[in-house]
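For reference, the structure discussed in these notes is given below.
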Amino acid sequence: MRGESLLQWWPRLLSSTGYSRVHTSEHCRQNTQTCVQQRENELSGPEESSKTNYGERHVLVFLLFLGFAEVYAMRVNLSVAIVAMVMKQSSSHESAQQVEDTCPEPASQESRSSVSVNSGEFDWDEKTQGMILGCFFYGYMLTNYIGGRLAERFGGRLVYGLGVTLTGILTVLSPLAAKHSTGAFMVIRVLEGMTEGVTFPAMNVMVSFWIPPQERARSLARICGGCQFGTVVTLSVSGWLSQSIWGWPAVFYVSGSLAIVWGWFWFKNVYDSPDQHPTISTAEKLFIKQGIGDHRNNKSLDVPWYSILTSTPFLIVIVTHVGNNWGFYCLLTELPTYLKNIQHYDMKQNGVVSAMPYLLMWLFSLFYSSLMDHLLEKRVLTTRQIRQLAMAIGNYIPMVSVLLVPWAGCNGRLAVALICVAVGASGATFCGFHCAFQELAPNFAGTLTGISNTLATIPGFLAPVVTGAIINNQQTLGQWREVFQLVSMVYLVVCSLYLVYMSSDVQPWNEGHTEKRKPVKEITEMKTV
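Its first residue numbered 125, the sequence shown is counted upward by one per residue in this note's numbering.
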């Protein structure tokens with residue numbers, strides 16, 4: 125009952141964000157006069173019916189948001205928990221002479237003469253830790269395409285719901301697997317990557333059925349904002365849980381249990397399409413279907429592989445996706461190392477400071493997406509212009525900001541501020557290439573997402589490897605300058621290509637191969653008859 129009241133409260137919260145209005149069925153049952161008015165709105169067309177209250181699509185957006193928050197919480201929890209899990213050998217602090225091109229350590233850190241022994245249970249060296257952390261991404265790559273196809277055939281509700289819920293179960297089992305053996309723990313992490321891999325393409329299938337174009341940018345921003353929300357909360361809370369009386373296993377128990385609880389709400393309140401929802405209002409159903417149009421097909425279509433793999437707009441989306449993930453994963457995985465080794469933030473400060481850029485990214489994406497959808501609704505900008513503007517802001521601003529980080533030198537606050545600008549501005553991309561999967565081919569949104577997200581996972585494990593090769597055990601400002609310059613160059617190249625070759629139009633191959641075109645002669649004869 126508590127969950128139902130929360131879901132009823134959610135639409136009211138959205139009242140200040142500019143969503144188009146549609147009556148809920150619950151409101152209709154309570155107010156007969158309002159129902160009559162709703163019927164008049166239905167008869168007057170989609171423009172009028174869109175000016176009523178809020179509906180089931182907003183419940184979907186909220187639950188997708190929470191689902192991604194859980195997904196990312198279970199993805200990044202190990203990055204914090206592993207610090208408490210691993211033994212640290214005690215060693216004397218070497219007061220070596222200051223290396224050139226590095227920042228001096230604060231006096232409080234210099235005064236420490238030794239490093240205390242960590243009470244962790246596992247004797248994992250750096251190589252083993254790297255393998256364990258990378259296991260997730262290897263599993264994640266395996267199921268993106270499969271998840272997209274399964275969602276197109278069996279529905280996004282089942283695939284997305286099982287993806288999050290099964291990941292929750294595996295996460296709860298993680299402490300037991302870790303205590304059993306290192307191999308068992310690595311298998312669990314691979315399986316978690318596989319179950320999470322199906323969620324992103326399944327989400328895009330759900331969006332293609334439920335969210336009309338005029339609400340798509342802000343809806344995607346809110347949904348994908350769960351990724352940043354889950355990251356921020358996990359980075360901030362996991363350290364505290366690891367040091368609590370429950371120890372590091374609590375990190376896995378809490379995040380996994382919440383995902384299982386989420387699964388109950390998901391399967392109780394979500395359906396694959398407006399036509400299948402038992403309580404959706406007629407006005408909302410009309411608003412959604414007229415907004416989406418005839419491009420979205422409920423039938424299972426054969427994938428037009430040649431057309432997809434030779435489609436310039438889609439290939440540009442892939443390149444852009446990979447490039448943007450390179451910058452995102454490089455900063456996500458290497459920022460704590462940079463703050464610790466160059467700016468000398470201690471571990472407690474590191475967790476909070478590392479979370480700040482992603483909090484700003486989330487907040488900026490909410491504001492920016494609402495603004496862009498408003499401009500699209502008012503026809504101030506076209507869809508193409510909005511996508512291009514979003515990518516210019518989400519790539520060129522990070523490009524410049526990242527390039528300036530080495531210029532900040534040993535000014536830690538300025539360096540963090542520049543990184544916050546870089547990561548925060550990238551939140552605009554939710555109104556950019558992230559919308560392409562539904563726009564280019566709504567009938568194959570899952571397949572396109574699966575292909576693109578599979579390749580875009582490569583930077584998850586490749587970016588840290590390349591960064592490590594550049595640093596080469598030399599934690600200096602000069603080495604990190606090369607890392608940031610590479611990220612900046614990637615942003616420049618992929619964004620420039622996107623701006624030139626992108627498309628926001630539904631592609632001809634969206635209809636698949638369900639019907640063979642009749643010869644021109646046959647069509648002419650039919651018309652004559």
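Every residue, glycine too, gets a C-beta built ideally from N, C-alpha and C.
In this text, all values refer to a predicted model and were calculated from it rather than measured experimentally.
Here the C-alpha atom of I384 lies approximately 16 Å from the C-alpha atom of V394.
Around the CB of I347, 16 or more other CB atoms lie within 10 Å, so the residue is classed as buried. V529 sits close to F608, with the two beta carbons spaced by under 9 Å.
Nearest neighbour of L484 by Cα position, chosen from S620, A541 and E229, turns out to be A541. Judged by beta-carbon spacing, F260 lies beyond the 9 Å limit of V207, meaning their Cβ atoms are not closer than that value. Here the stretch 569 to 587 makes contact with the stretch 436 to 448; the two share three or more CB pairs at distances below 8 Å. Around R342, the same chain offers S493, S494 and D497 as residues with beta carbons nearer than 6 Å, after the five sequence neighbours per side are excluded.
Only residues of its own chain outside the window of five on either side were considered, and among them G263, L266 and T267 have a CB closer than 6 Å to the CB of M318, listed in chain order.
Taking a cut-off of 8 Å for Cβ pairs, the stretch 271 to 280 and the stretch 323 to 339 touch, as three or more such pairs fall below it. Taking a C-beta distance under 9 Å as the contact criterion, N449 and N519 do not qualify as a contact pair. At the C-beta level, T506 and G272 stay beyond 9 Å of one another. Residue state for V210 is assigned as strand, using DSSP reduced to three classes.
A distance below 9 Å separates the beta carbons of G258 and F585. As the crow flies, the alpha-carbon of R181 is around 7 Å from that of I335. The residue from G451, F568 and P566 with its alpha-carbon nearest to that of I582 is G451. Secondary structure note for H304: its alpha helix (DSSP H) is the uninterrupted segment G280 to H304.
Annotation: the continuous alpha helix (DSSP H) that includes G602 extends over L601 to Y625. Within the same chain, Cβ atoms closer than 8 Å to the Cβ of T226 are found at I466, Q599, T600 and L601, the five residues on either side in sequence being excluded. For A565, there is no enclosing alpha helix (DSSP H), as DSSP marks it with neither H nor E.
In this structure, the beta-carbon distance from W633 to P325 does not fall below 9 Å. If you ignore the 5 residues before and after V618, its C-beta comes within less than 8 Å of the C-beta of V443, T444, V446, G447, N448 and N519, all in its own chain and listed in chain order.
Ranked by Cα distance from Y453, the first of S478, Y430 and K464 is S478. For V545, the enclosing alpha helix (DSSP H) begins and ends at G536 to A549. With a cutoff of 9 Å on beta-carbon distance, A552 and Q562 are scored as not near each other.
Inclusion of F438 and L623 in the CB contact set at 9 Å is not warranted, their separation being larger than that value.
Contact between the stretch 401 to 413 and the stretch 194 to 201 is absent: fewer than three C-beta pairs spanning the two stretches fall below 8 Å.
With contacts defined as CB atoms closer than 9 Å, S612 and L538 fail to qualify as a contacting pair.
Counting along the chain, no alpha helix (DSSP H) covers T553, and no H or E run does either.
Per DSSP, the continuous alpha helix (DSSP H) segment holding F376 begins and ends at P373 to N393. Taking 9 Å as the cut-off, the beta carbon of I440 is found closer than this to the beta carbon of L621. Cβ-Cβ distances below 7 Å link M211 to N242, G244, F246 and D247 in the same chain, with the five nearest sequence neighbours on each side left out; the list follows chain order. Boundaries of the alpha helix (DSSP H) around R340: P337 to S366. Take the alpha-carbon of Q352 and the one of F333: they are about 25 Å apart. Y377 is positioned such that its CB atom lies no closer than 9 Å to that of T323. In the DSSP assignment, the residues bridged to F246 are V210.
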